[in-house]
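J.: Take a look at the following structure, please.
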Amino acid sequence: MIITVKYGAKQEAVFNPECWNYTLLESIRDQCKCYDTDIELSDPNGNVKHLRDNPYRYASEALDDREVCVLLKVDCNQEGETSYQPLLDDTDAITDKFLEQLHSKVDDKNIMKKRNQKKTVLNGIKVKTPKARSNGKLSAR
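When the letters of the sequence shown are read in order and numbered with my numbering, they come out as residues 1427 to 1567.
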């Protein structure tokens, strides 16, 4: 099983996704020389794969054999909102439709994050914490 990651100025690199998501992303980061960058993958339509959300899950569960992916830079602001920027310089692949799809999924995810958090004050500092489940128990941390 292999995947192709597109990045840079129309560059491509081949990877074996038969490993943990964390391991695959580290390998991609090294080979694509994105050393100090948080990265993620999307399909050619702008659908984010969310490999970072489950670092110890096998990447082959989220990726298909011979799938082509686009390398993304991940930015998180102070409110915990995530945004993605393609690290591929190819106007044929990175279209307005791709960017629209990429940003629409980010907006949906950020809305859900905000709904699932509440603010608590600890020693005079506001801290966001998970809401209690409907059964009254807090989720495991």
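Using N, Cα and C, we set each Cβ at its ideal position, and we do this for glycine too.
From a predicted model like this one, the values you see are computed outputs, not experimental measurements.
Report yes or no: do three or more beta-carbon pairs, one from the stretch 1491 to 1506 and one from the stretch 1458 to 1467, lie closer than 8 Å?
T.: yes
J.: According to the neighbour-count rule (16 or more other Cβ atoms, all chains shown, within 10 Å of its Cβ), is N1542 buried or exposed?
T.: Here the model assigns N1542 a pLDDT of 49, short of 50, so the residue's position is not dependable, and the following value carries that caveat. Its Cβ having fewer than 16 others within 10 Å, N1542 is exposed.
J.: Going by the beta-carbon positions, is the gap between Y1433 and P1481 smaller than 7 Å?
T.: At a Cβ-Cβ threshold of 7 Å, Y1433 and P1481 do not count as neighbours.
J.: When you compare the stretch 1503 to 1523 with the stretch 1486 to 1493, are there three or more beta-carbon pairs, one atom per stretch, that lie closer than 8 Å?
T.: no
J.: What does the Cβ neighbour count give for Y1461, buried or exposed, with the cut at 16 atoms within 10 Å?
T.: exposed
J.: Determine whether the beta carbon atoms of A1527 and N1471 lie at a separation below 7 Å.
T.: Reading the sequence as shown, one finds Gln at residue 1527 and not Ala. Yes.
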